[in-house]
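As given, the protein sequences belong to chains A and B, one line each in that order. Using numbering that gives the first Met the number 0, count along the first sequence one by one with no gaps and you end on 272. Using numbering that gives the first Met the number 0, count along the second sequence one by one with no gaps and you end on 289. The beta-carbon is built from N, C-alpha and C at its ideal position, and this holds for glycine as well. Worksheet for the structure shown next.
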Amino acid sequence: MKAQSEKPVIDVQNVCFRYGEQEVLHSINLQVYQGDFVVLVGPNGGGKTTLLRLILGLLKPGFGKIRVLGRSPRRASPQLGYVPQSLQFDPEFPANVLDIVLMGRVERSLFGPYKKTDRQVALECLQQVGLQDLAKRPFAALSGGQRQRILIAQALACEPELLLLDEPNANLDAVGTQTVYELLRQLNQKLTIVLVSHNLNTVESYASHVVCVNHTAEMHCLDDMRQDAKEEDWTRLRHGASCPLNSVSETLPYCSNCVRNNPCPASRAFLYK
Amino acid sequence: MLTLFIQDLQAPGSLLRLTVLAILLCSLVCGIIGAYVLAKRCSYVVGAVSHSLLGGIGLARFCQLQKGMTWFSPMLGAVLAALLVAGIISILTLRKQQREDSVLSAIWALGMALGLSFIYAMPGYPQDLQSYLFGNILLVSRQDLLWMGALNVVIILFVLLFHKRLVCLCFNEEWLRLRGCRTGLFNFLLYALISLTVVMLSQLVGVVLCLALLVLPVAAVANFCRSLPLIMLCGVLVSLAASMSGLMLSYQYDLPTGATIVEIIAAVYLFCVAAKFILGKIRVTQQKKA
Numbered sequence: 000m001k002a003q004s005e006k007p008v009i010d011v012q013n014v015c016f017r018y019g020e021q022e023v024l025h026s027i028n029l030q031v032y033q034g035d036f037v038v039l040v041g042p043n044g045g046g047k048t049t050l051l052r053l054i055l056g057l058l059k060p061g062f063g064k065i066r067v068l069g070r071s072p073r074r075a076s077p078q079l080g081y082v083p084q085s086l087q088f089d090p091e092f093p094a095n096v097l098d099i100v101l102m103g104r105v106e107r108s109l110f111g112p113y114k115k116t117d118r119q120v121a122l123e124c125l126q127q128v129g130l131q132d133l134a135k136r137p138f139a140a141l142s143g144g145q146r147q148r149i150l151i152a153q154a155l156a157c158e159p160e161l162l163l164l165d166e167p168n169a170n171l172d173a174v175g176t177q178t179v180y181e182l183l184r185q186l187n188q189k190l191t192i193v194l195v196s197h198n199l200n201t202v203e204s205y206a207s208h209v210v211c212v213n214h215t216a217e218m219h220c221l222d223d224m225r226q227d228a229k230e231e232d233w234t235r236l237r238h239g240a241s242c243p244l245n246s247v248s249e250t251l252p253y254c255s256n257c258v259r260n261n262p263c264p265a266s267r268a269f270l271y272k
Numbered sequence: 000m001l002t003l004f005i006q007d008l009q010a011p012g013s014l015l016r017l018t019v020l021a022i023l024l025c026s027l028v029c030g031i032i033g034a035y036v037l038a039k040r041c042s043y044v045v046g047a048v049s050h051s052l053l054g055g056i057g058l059a060r061f062c063q064l065q066k067g068m069t070w071f072s073p074m075l076g077a078v079l080a081a082l083l084v085a086g087i088i089s090i091l092t093l094r095k096q097q098r099e100d101s102v103l104s105a106i107w108a109l110g111m112a113l114g115l116s117f118i119y120a121m122p123g124y125p126q127d128l129q130s131y132l133f134g135n136i137l138l139v140s141r142q143d144l145l146w147m148g149a150l151n152v153v154i155i156l157f158v159l160l161f162h163k164r165l166v167c168l169c170f171n172e173e174w175l176r177l178r179g180c181r182t183g184l185f186n187f188l189l190y191a192l193i194s195l196t197v198v199m200l201s202q203l204v205g206v207v208l209c210l211a212l213l214v215l216p217v218a219a220v221a222n223f224c225r226s227l228p229l230i231m232l233c234g235v236l237v238s239l240a241a242s243m244s245g246l247m248l249s250y251q252y253d254l255p256t257g258a259t260i261v262e263i264i265a266a267v268y269l270f271c272v273a274a275k276f277i278l279g280k281i282r283v284t285q286q287k288k289a
């Protein structure tokens with residue numbers, strides 16, 4: 000447990016958000032502290048990505064308050080490393096890998112080309128994701144997993160305090176996913192990480208907290224659950240279970256530190272569908 | 000073979016020299032701005048802007064002939080229309096408020112329709128309509144040339160200063176916004192530069208054909224080059240070579256200049272596509288053997 004005196008790096012208070020008539024998120028409360036590895040899980044349309052975009056300042060909450068690093072999200076955004084879904088890019092974009100990573104340094108100087116230090120930082124970031132040999136390779140020639148790691152390097156080149164990732168495993172196979180998460184585990188030693196994922200099974204062993212998002216949100220501390228939960232629950236969580244959210248919600252009663260006045264929103268969705 | 004062309008070029012005070020200079024200036028921006036159009040995948044914007052220019056040109060001619068506003072030259076009309084359209088497109092498509100293709104189609108058609116209405120409102124059929132639609136590079140004046148030169152300087156300065164941001168904008172607008180950049184402004188500036196380039200090219204090949212000049216040379220070289228600066232450089236060279244050869248051929252054999260230039264550029268493009276396809280096949284068979 001974090002000391003209560005420590006200030007959260009992400010502080011979401013009573014946030015509601017609606018697209019037109021439809022309320023997507025209702026009364027969200029969420030505190031993320033320095034060094035956490037938080038995974039947002041939930042069904043499609045449950046509002047995970049919307050929550051991430053609210054934290055980034057790309058959307059404005061209709062109600063409630065969001066502070067990131069003690070500032071408004073819009074102000075804090077230059078300190079955030081954002082890794083968008085790699086599917087949304089033009090795969091034929093005419094640039095090499097180093098050019099893409101350098102984009103993380105775009106606002107470091109107002110005019111002119113990138114400086115020497117920018118190139119150095121970009122190369123270091125490529126080294127961190129283990130792809131320094133590909134610096135001159137065209138972006139179009141990369142595999143999905145490599146592309147995802149390049150986008151992480153791009154976010155690292157911003158020298159962020161927080162790393163936010165939108166479904167980093169969306170189009171990756173098991174090996175690719177493993178590599179990306181191992182990388183994130185290493186980065187987590189220095190950085191706070193928030194990621195959106197469909198599949199809790201693959202991230203469960205890396206995450207420190209899980210937030211189930213489905214219209215409302217509830218945070219579960221996995222470290223506490225690991226201590227409290229019975230071994231067979233975790234076995235079921237890792238293998239066998241057909242629905243990852245379901246399996247989490249089944250193990251939740253063993254989580255003593257989560258104050259749960261209401262059943263987990265995600266589990267409700269899955270249990271009573 | 001090209002004796003007539005060379006003779007006229009060497010003649011003292013030849014107007015052909017102005018034409019050659021205009022082609023040089025056009026090719027320069029063609030390659031540079033064309034590369035951004037390619038990276039941003041917005042060649043449809045070029046089409047919409049170029050056709051909507053006719054609205055501005057028509058309005059200017061109408062004011063000149065009917066209202067006695069002699070200062071309102073067709074060139075000024077075209078520039079104003081281009082900037083207006085750039086503004087409308089960047090406002091309506093930023094943050095995906097409207098479907099981009101619908102906005103562009105509306106502008107494309109409406110601009111053309113307005114132009115035709117203004118032309119219809121003038122007595123008789125204005126002689127110069129043909130040259131606006133299909134260009135008349137041989138009639139470039141010194142004043143046009145000065146204007147083109149100034150625009151070239153602006154575009155090249157802007158690109159030198161903001162290239163990295165423009166690339167970022169083309170790759171992912173949202174990402175650039177998160178870095179703290181005012182992407183709305185830069186998006187407008189990029190569209191404005193594209194639009195002004197279109198105005199310039201419309202002098203060369205007319206509003207109907209300038210799409211080809213801005214899109215095809217870079218599309219051709221993009222088959223072989225993978226970095227944006229290289230695409231720009233090769234794009235400039237290809238469009239220069241194609242425009243010059245188009246001019247020479249059309250001058251020598253009395254062909255429509257704009258159409259000849261576009262045909263040559265299209266041929267280059269097709270050649271590059273075919274060459275890439277064939278080279279790919281050869282590489283695959285070699286790999287199979289090895």
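DSSP state of residue i mapped onto helix, strand, coil
i         : result
PHE36(A)  : strand
ASP10(A)  : strand
LEU20(B)  : helix
MET218(A) : strand
ARG70(A)  : strand
ARG148(A) : helix
ASN222(B) : coil
LYS114(A) : coil
LEU200(A) : Looking at the sequence itself, residue 200(A) is Asn, so the reference to Leu does not match. Helix, per DSSP.
CYS15(A)  : strand
PRO77(A)  : helix
PRO137(A) : strand
CYS211(A) : strand
LEU37(B)  : helix
GLY123(B) : coil
Residue burial classification, residue i (beta-carbon count within 10 angstroms, cutoff 16)
i         : result
ASP35(A)  : buried
LEU109(A) : exposed
ASN43(A)  : exposed
MET68(B)  : exposed
LYS47(A)  : buried
SER246(A) : Residue confidence for SER246(A) is low, a pLDDT of 46 falling below 50, so the modelled location carries little weight and cannot support an answer.
VAL48(B)  : buried
LYS163(B) : buried
GLN153(A) : buried
Chain B within 8 Å of residue i, Cβ atoms only
i         : result
MET218(A) : no
PRO83(A)  : yes
PHE16(A)  : no
PRO60(A)  : no
Any C-beta of chain A under 8 Å from that of residue i
i         : result
LEU178(B) : Per the sequence shown, the amino acid found at residue 178(B) is Arg instead of Leu. Taking Cβ atoms only, chain A reaches closer than 8 Å to ARG178(B), which makes this a yes.
ARG40(B)  : yes
SER226(B) : yes
GLU173(B) : yes
LEU15(B)  : no
PHE170(B) : yes
Closest by C-alpha distance to residue i, when choosing among the options
i         : options                                    : result
GLU99(B)  : VAL44(B), LYS280(B), ALA218(B)             : VAL44(B)
ALA169(A) : LEU161(A), LEU162(A), VAL179(A), GLU160(A) : VAL179(A)
LEU51(A)  : HIS219(A), LEU186(A), LEU194(A)            : LEU194(A)
LEU175(B) : GLN30(A), LEU57(A), THR116(A), GLY144(A)   : LEU57(A)
GLY110(B) : LEU145(B), GLY46(B), MET121(B)             : GLY46(B)
CYS25(B)  : ALA77(B), MET147(B), MET74(B)              : MET147(B)
GLU123(A) : VAL100(A), ARG136(A), GLY111(A), GLY143(A) : VAL100(A)
LYS6(A)   : VAL31(A), ARG17(A), GLY19(A)               : VAL31(A)
GLN207(B) : ALA274(B), LEU52(B), THR2(B)               : Residue 207(B) is actually Val in this sequence, not Gln. Among ALA274(B), LEU52(B), THR2(B), the Cα nearest to that of VAL207(B) belongs to LEU52(B).
PRO112(A) : CYS233(B), LEU58(B), LEU23(B), PRO228(B)   : PRO228(B)
LEU14(B)  : VAL198(B), MET199(B), ASN135(B)            : ASN135(B)
Residue i: first and last residue of the uninterrupted beta strand (DSSP E) it sits in
i         : result
GLN21(A)  : 21-31
ASP143(B) : Element bounds for ASP143(B): not the beta strand (DSSP E) but the alpha helix (DSSP H), 141-170.
ASN43(A)  : ASN43(A) -> no beta strand (DSSP E), and no H or E assigned at all.
LEU130(A) : Careful: LEU130(A) lies outside any beta strand (DSSP E) and carries neither H nor E.
THR176(A) : Counting along the chain, THR176(A) falls outside any beta strand (DSSP E), though it belongs to the alpha helix (DSSP H) covering 173-186.
VAL283(B) : That residue, VAL283(B), is in no beta strand (DSSP E); its alpha helix (DSSP H) goes 256-288.
ILE118(B) : Note, ILE118(B): premise wrong, no beta strand (DSSP E); alpha helix (DSSP H) at 99-120.
ILE136(B) : Per DSSP, ILE136(B) belongs to no beta strand (DSSP E) and is neither H nor E.
Limits of the unbroken alpha helix (DSSP H) element including residue i
i         : result
ASN186(B) : 182-204
ILE54(A)  : 47-55
CYS62(B)  : 42-65
VAL78(B)  : 73-92
LEU229(B) : 227-252
Chain C within 8 Å of residue i, Cβ atoms only
i         : result
LEU215(B) : This model lacks chain C altogether; the protein chains it does include are A and B.
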